[in-house]
Amino acid sequence: MLSLCEAPAVPSLRLDVYVHATLELLALVMVAFELCMKLRWLGFHTFIRHKRTMVKTCVLLLQFVEAIVVLIRQTSHVRVTRALRPIFLVDCRYCGAVRRNLRQIFQSLPPFIDILLLLLFFMVIFAILGFCLFSPNTTDPVCLIFSLPDIGLFELCNFPDVMMPSYSKNRWSCVFFIVYLSIELYFVMNLLLAVVFDTFNDVEKMKFKSLLLHKRSAIDHAFQLLVSRQRPLGVSLKQFDGLMRFYRPRMSARDRFLTYKALNTSGAPMLSLQDFYKFYEVTGLKWKARRSGEHWFDDLPHTTFLIFKGINLLVKSKAFQYVMYVVVAINGVWILVETYTLSSGFSWSRIVPWSYIVFLTIYGVEVLLKITGLGPMAYFSSGWNLFDFSVTVFAFLGLIALAFDMEPFYFIVVLRPFQLLRLFKIKQRYRNVLDTMFELFPRMASLGLTLIIFYYSFAIVGMEFFAGVVYPNCCNTSTVADSYRQINITYGNKTVLEEGYYYLNNFNNILSIINVLVDLLEGVTSMTSHWSRLYFMTFYIVTMVVMTIIVAFILDAFVFRMNYSRKNREPVENPEDENGIVFEVEVSRDEALATLELMNTNTHNKLFHTSLVYLGRRSRTKSDLSIKMYEEEIQEWYAEYSRENLPQPDQSLERDLDSPVSEPSSFPEPQLNSQTGPHSIN
């Protein structure tokens, strides 16, 4: 935020030097306090051996010195080191995903650089060839393109702008450009993406393997700490409860007990190591008591029960779903027709389309039927239902905005076409695409933040070197002078202001630095020197690396999802089944009476039954999907881990003899249970 207030600052947010320098010192003091706490916690020797922490410390000291100098001099100097401020953001606990993204970017750099060198090689060859072919045309801009200092410009510029001057003189010159684009743009660039994708896929798999084996090692270590000499082969409820008090301090006693029951698949008095291996699967479950009835309206009077039962059967029927799909499709076609008719002079503020009211009424009735038939809890637990409800509510707000001529809120009307996304639930491939998109949202946020960090760093450097360089009517000696023109031209009695508008893309403040257009590059170069091209080319290459990683991540997620669907043959009958991982635990009456927390729940009035049933749910993660995808390889990883880290055949044999059920492997794969087959634990 300080970059908005420091010179060169956004005009409306400019602060005096002593104000923003004082604010910077206060922020740096907070960072220094955090580092002091880390030093006290880790110890001096561990602290100085941590590379990221030492880099952060050096940057902090440098920033301190610069802020004090600015505060004393009461004026700002060239401060390129401001570009290092994102280090403080990246090194916080909330930006772990950003650190992983940066690590993957650096891990993907070696193959990327190899292909990039190949790309630059072809660029140099074609630059020399183009210079030899087209240099006699001294007025041709392509001579500028293919001069050796400007090799990279052809990659950034618009292809017709480069080709057409030469094409106007000799039609055969197009062959050169076609061959160049075929090799550089369509072959080498796609090869670059393929190599990065392959590297990214390997990195993701190795990261999953490392995390899985790290969890296995942690479980083995915790098990050895929990067992006692009197009970060396199992963990009792008391010991497990003590562990969970430290691992999840906010977890209730009831949830700790149910977690223990979910782990104890064998029903033995103590948890064996095989049961304890499912620790990370179960600890994230959210536990709720299952209702005695199947529906929320089971306890209502008979007549009311029949009415709600009929509504329940209606909203769950295939016919109802397909009728709503048809309505949504008709609504989409009608929106296109209305949009076309708007060009004839109709305005949203003067008329409320009757179709808007009709379709909104249908959607409102659908929402009410689903809420009454499924129950509020079941309805709002589905992501698709939440989406439908949100779009319907916004459509209703848009109707109010139209009816009362509330012009600032007309943008809500644009949200109506989002209902068309429901049509993509019909086909399995579309559902895979949408599921992948929804799963990518959290990760895409971290990737977007990573990209913003690079943008910020380059923006700071650009402001320090090029602030005030570009302005209206500059660059008169360059080929892009028209793009920066701002003059008044008189046509008869009328004066018209002609603007090139490119002067708006300048380095005067951090909000105006948005792109690396060729016209901006040429304008800055004409006002400074050819060395300024290094800044733009570096920014282009770094951004291309990050964007390639983002595309590789999207491809990896989609391919992984498709392969998982093919391998596990997920059911397609109910596309709205989103309950994820489900564990079912049955608690007997004696166990319930022995657990005080269970007595304090709302189910105490049902304790006269022989047992209580609790359901533990959590959403499925990519780690859960990976466990099923790499099922065979995981067994090999566990066997390798067993040979390297647990050379204790006697103890494993003793465990196998004492356990009630013999296991085929020392480290069986943790079995996940989806909603299609909930696991019952007696």
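Quick note: the sequence shown uses the numbering used here, first residue -13, plus one each step. For each residue, glycine too, the CB sits at the ideal point set by N, CA and C.
Original post:
Span of the beta strand (DSSP E) holding N474?
Top reply: N474 -> beta strand (DSSP E) spans 472 to 477.
Original post:
Which partner residues does T481 have in the DSSP bridge list?
Top reply: Answer is T476.
**OP:** Please look up how many angstroms separate the CB atoms of Y470 and G486, rounded, as I've assumed it's under 8 Å.
**Re:** Right, the Cβ-Cβ distance comes to about 5 Å (below 8 Å), so this counts as a contact.
**OP:** Please list, in chain order, all residues of the same chain as P72 whose beta carbon is under 7 Å from its beta carbon, the five residues on each side excluded.
**Re:** So the list reads I439, Y442, S443, once near-sequence residues are dropped.
Subject >> Buried or exposed (CB count within 10 angstroms, at least 16 for buried), I667 >> reply: Caution applies to I667, whose pLDDT of 37 falls short of 50 and renders its modelled position unreliable; the value that the coordinates give is listed next. Classification of I667: buried, given that the 10 Å Cβ count is 16 or more.
**OP:** Tell me whether the beta-carbon of E425 lies closer than 7 Å to the beta-carbon of V466.
**Re:** Taking 7 Å as the Cβ cut-off, E425 and V466 do not qualify as a contacting pair.
**OP:** Any chance you could list the alpha helix (DSSP H) runs of at least 4 consecutive residues sitting entirely within the stretch 180 to 233, in chain order?
**Re:** Look at the stretch 180 to 233 and you find these whole runs of alpha helix (DSSP H), each 4 residues long or longer: 223 to 233.
**OP:** Take the Cβ of R217 as the centre, count every other Cβ of all protein chains shown within 10 Å, and call the residue buried at 16 or more, exposed below.
**Re:** That one is exposed.
Original post:
Going straight from the alpha carbon of S159 to that of T514, what length do you get?
Top reply: Approximately 33 Å between the Cα atoms of the pair.
**OP:** Output yes or no for whether 7 Å exceeds the beta carbon distance between E10 and A53.
**Re:** The Cβ atoms of E10 and A53 sit closer than 7 Å to each other.
Subject >> Beta-bridge partners of L257, as assigned by DSSP >> reply: Partner(s): V221.
Original post:
In the DSSP assignment, what residue or residues form a beta bridge with A275?
Top reply: In DSSP, A275 forms a bridge with Y600.
Subject >> Cutoff 7 Å; reference L437; Cβ partners in own chain excluding five residues on either side >> reply: Residues of the same chain with a CB within less than 7 Å of the CB of L437, apart from the 5 flanking positions on each side, are V532 in chain order.
Subject >> For N494 and V528, the rounded distance between their alpha carbons >> reply: Between the alpha carbons of V528 and N494 lies a distance of about 22 Å.
Subject >> Cβ neighbours of V181 in the same chain (closer than 8 Å, five flanking residues each side left out) >> reply: Setting aside the 5 residues that flank it on each side, V181 is surrounded in the same chain by P97, F98, D100, I101, each with a C-beta closer than 8 Å to its C-beta; the list follows chain order.
Original post:
Shortest alpha-carbon distance to M423 belongs to which of R68, V45, I540?
Top reply: With distances taken between Cα atoms, M423 lies closest to I540.
Subject >> Nonlocal neighbours in the same chain, by C-beta distance under 6 Å from F294, ignoring five residues either side >> reply: Answer for F294: F283, listed in chain order.
**OP:** Check whether the Cβ atoms of I348 and P403 sit closer than 7 Å, and answer yes or no.
**Re:** The answer is no: Cβ separation not under 7 Å.
Original post:
Under 7 Å between the Cβ atoms of K272 and L249?
Top reply: No, Cβ-Cβ distance for K272 and L249 is not below 7 Å.
Subject >> Reduced DSSP category for C(-9) - H, G, I as helix; E, B as strand; rest coil >> reply: Of the three classes helix, strand and coil, the one that applies to C(-9) here is helix, per DSSP.
Original post:
What are the boundary residues of the alpha helix (DSSP H) that Y4 is part of?
Top reply: Looking at the DSSP string, the run of the alpha helix (DSSP H) that includes Y4 is 3 to 28.
Original post:
Would you report the Cα separation of R526 and L520, rounded to the nearest angstrom?
Top reply: This sequence places Tyr at residue 526; Arg is not what is there. For Y526 and L520, the gap between their C-alpha atoms comes out near 10 Å.
**OP:** Run the CB neighbour count on M23, radius 10 Å, all protein chains shown included, and call it buried at 16 or more, exposed below.
**Re:** Under this definition M23 is an exposed residue.
**OP:** Give a yes or no on whether the C-beta atoms belonging to L346 and A389 are separated by under 7 Å.
**Re:** It is not a contact, given that the beta carbons lie outside the stated cut-off.
Original post:
What span of residues does the alpha helix (DSSP H) with F283 cover, start to end?
Top reply: That residue, F283, is in no alpha helix (DSSP H); it is neither H nor E in DSSP.
**OP:** Determine the burial state of E(-8): buried for a count of at least 16 other Cβ atoms within 10 Å of its Cβ, exposed for fewer.
**Re:** Looking at its Cβ environment, which holds 16 or more other Cβ atoms inside 10 Å, E(-8) is buried.
Subject >> Residue closest to F183, alpha-carbon to alpha-carbon, out of L95, V419, C78 >> reply: It is L95 whose Cα lies nearest to the Cα of F183.
Subject >> Alpha-carbon spacing of L134 relative to S154, whole angstroms >> reply: Residue placement at L134 is poorly supported in this model, since its pLDDT is 40, which falls under 50; the coordinates are not used for a value here.
Subject >> Spatial neighbours of T8 in its chain, beta-carbon cut-off 8 Å, leaving aside the 5 residues before and after >> reply: Cβ neighbours of T8 beyond the five flanking positions: L57.
**OP:** Kindly indicate the opening and closing residues of the alpha helix (DSSP H) around R89.
**Re:** Residues 82 to 93.
**OP:** Could you tell me whether the stretch 24 to 39 touches the stretch -9 to 5, using the rule of 3 or more Cβ pairs below 8 Å?
**Re:** Because the criterion of three Cβ pairs below 8 Å is not met, the stretch 24 to 39 and the stretch -9 to 5 do not touch.
Original post:
Out of L179, M149, N156, R157, which has the shortest C-alpha to C-alpha gap to L167?
Top reply: Checked all of L179, M149, N156, R157; the closest Cα to L167 is M149.
Subject >> C-alpha distance - R0 paired with P458, whole-angstrom precision >> reply: Distance between the alpha carbons of R0 and P458: 22 Å.
Original post:
How many Å lie between G350 and R240 at the Cα?
Top reply: Going by the C-alpha atoms only, they are around 40 Å apart.
Original post:
Is it right to say E559 is buried, meaning 16 or more other beta carbons lie within 10 angstroms of its own, or is it exposed?
Top reply: Bear in mind that the predicted position of E559 carries a pLDDT of just 42, short of 50, making it too unreliable to give a figure here.
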